[in-house]
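Novice: Residue numbers (my numbering), protein chains in the order written: chain A, 3 to 128; chain B, 65 to 200. Every residue gets a Cβ at the ideal spot worked out from N, C-alpha and C, and that includes glycine.
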Amino acid sequence: MKALNVIESAYRGTLEEQDDTIVWLTHALKGAGAEIDVLLRGNAVNYIVAGQKVTGLSFGTRTQKHAPDIVGDIKGLIGKGVAVYYIAEDASERGLADGDMIPGVNSVGRLALALLYDGYNQVWNW
Amino acid sequence: MTDTTLTFALMDPPYENARTATAFRLLDIAARRGYKINVFAYEGAVSLSFSRQTAHANAVHGRDAAAEDHPLPKEWIAALMAEARAAGGALDWVNCGLCVDERGVGEAIDGTRRGTPADFWNFAVASNNTLVIPTK
Numbered sequence: 003m004k005a006l007n008v009i010e011s012a013y014r015g016t017l018e019e020q021d022d023t024i025v026w027l028t029h030a031l032k033g034a035g036a037e038i039d040v041l042l043r044g045n046a047v048n049y050i051v052a053g054q055k056v057t058g059l060s061f062g063t064r065t066q067k068h069a070p071d072i073v074g075d076i077k078g079l080i081g082k083g084v085a086v087y088y089i090a091e092d093a094s095e096r097g098l099a100d101g102d103m104i105p106g107v108n109s110v111g112r113l114a115l116a117l118l119y120d121g122y123n124q125v126w127n128w
Numbered sequence: 065m066t067d068t069t070l071t072f073a074l075m076d077p078p079y080e081n082a083r084t085a086t087a088f089r090l091l092d093i094a095a096r097r098g099y100k101i102n103v104f105a106y107e108g109a110v111s112l113s114f115s116r117q118t119a120h121a122n123a124v125h126g127r128d129a130a131a132e133d134h135p136l137p138k139e140w141i142a143a144l145m146a147e148a149r150a151a152g153g154a155l156d157w158v159n160c161g162l163c164v165d166e167r168g169v170g171e172a173i174d175g176t177r178r179g180t181p182a183d184f185w186n187f188a189v190a191s192n193n194t195l196v197i198p199t200k
């Protein structure tokens, strides 16, 4: 069984969770032996933009350590053999070029999505 | 009992949007058909089965607690489990354990259980199909 996690909701709860919950879930599923890949669409294409950083969350005397590092988490997925795709048009509409992205990700056009989906037994839209 | 097995992944917490009721409508149809149903409750959805949910009166409606009959998702889940059993199927409800811990909702109703993403994967592998209903 091969599944594709399509991630669209971006930066939802990431400060509270210290990660993106579906990127995290993908790590956990891969660790459990899943054959699973990721497609980033909509605002989630920003997850693979190099150079982003989150710092400085504090309330009163409570300073939050370990801010989310979603780019690092995506790199970790690639390192585990998870293919990471992003929709080219969603990136370009947001002013992002291929050169803005971290290495190892795969651009796919909207017209090619059906072919991509056809390579999986199940497609999960998050 | 049929050979059909369906898996649902739910993410929304109770009382926030219509997706939860829609998901429960789908679960109800599957239960009536005697399907084997798996639910993986992720993130806020782990609160759906929290056993300390309490119905309240509603002064705006002019009804006391008994008359108001306020919906409690835990009761919907219990009813769906009973409905599935009566139709010869089953509803296996797994709550993501880490999601339970960070929300302090470890007291879940009977018939639900604590699990991990591995349960979700095993559910999906054994199912005819999987429907993810994420929060947005």
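#1: Considering A:Gly35, what are the terminal residues of the alpha helix (DSSP H) in which it resides?
#2: Applying the criterion that 16 or more other CB atoms from any shown protein chain within 10 Å of the CB defines a buried residue, is A:Lys82 buried or exposed?
#3: In chain order, what residues of the region 89-111 of chain B put their CB closer than 8 Å to some CB of chain A?
#4: Helix or strand or just coil, what does DSSP make of A:Ala178?
#5: Please compile the residues from chain A whose C-beta is within a distance smaller than 9 Å of the C-beta of B:Trp185.
#6: Mapping the DSSP letters down to three states, classify B:Arg167 as helix, strand or coil.
#7: Take B:Arg97 and list the residues in its own chain whose beta-carbon comes closer than 8 Å to its own, dropping the five residues that flank it on each side.
#8: Going by DSSP, which residues form a beta bridge with A:Arg64?
#9: So the candidates are B:Ala95, B:Lys100 and B:Glu171; which of them puts its Cα closest to the Cα of B:Gln117?
#10: Considering B:Phe187, what are the terminal residues of the alpha helix (DSSP H) in which it resides?
Specialist: On the basis of the supplied data:
#1: Per DSSP, A:Gly35 belongs to no alpha helix (DSSP H) and is neither H nor E.
#2: Within 10 angstroms of the beta-carbon of A:Lys82 lie fewer than 16 other beta-carbons, which makes it exposed.
#3: For the region 89-111 of chain B, the residues whose beta carbon sits under 8 Å from a beta carbon of chain A are, in order, Tyr106 and Glu107.
#4: The structure shown does not extend to residue 178 of chain A, since chain A is modelled only from 3 to 128, so the question has no answer here.
#5: Taking a Cβ-Cβ threshold of 9 Å, the residues of chain A close to B:Trp185 are Met3, Ala5, Ala30, Leu31, Ala34, Gly35, Ala36 and Ile38, in chain order.
#6: Reduced to three states, the DSSP call for B:Arg167 is helix.
#7: Taking B:Arg97 as the centre and dropping the five residues before and after it, the same chain places the C-beta of Thr66, Thr68, Ala151 and Gly153 closer than 8 Å to its C-beta, in chain order.
#8: Answer by DSSP bridge pairing, in chain order: A:Phe61.
#9: When the alpha-carbon of B:Gln117 is set against those of B:Ala95, B:Lys100 and B:Glu171, the nearest one is in B:Glu171.
#10: For B:Phe187, the enclosing alpha helix (DSSP H) has its first and last residue at Pro181 to Val189.
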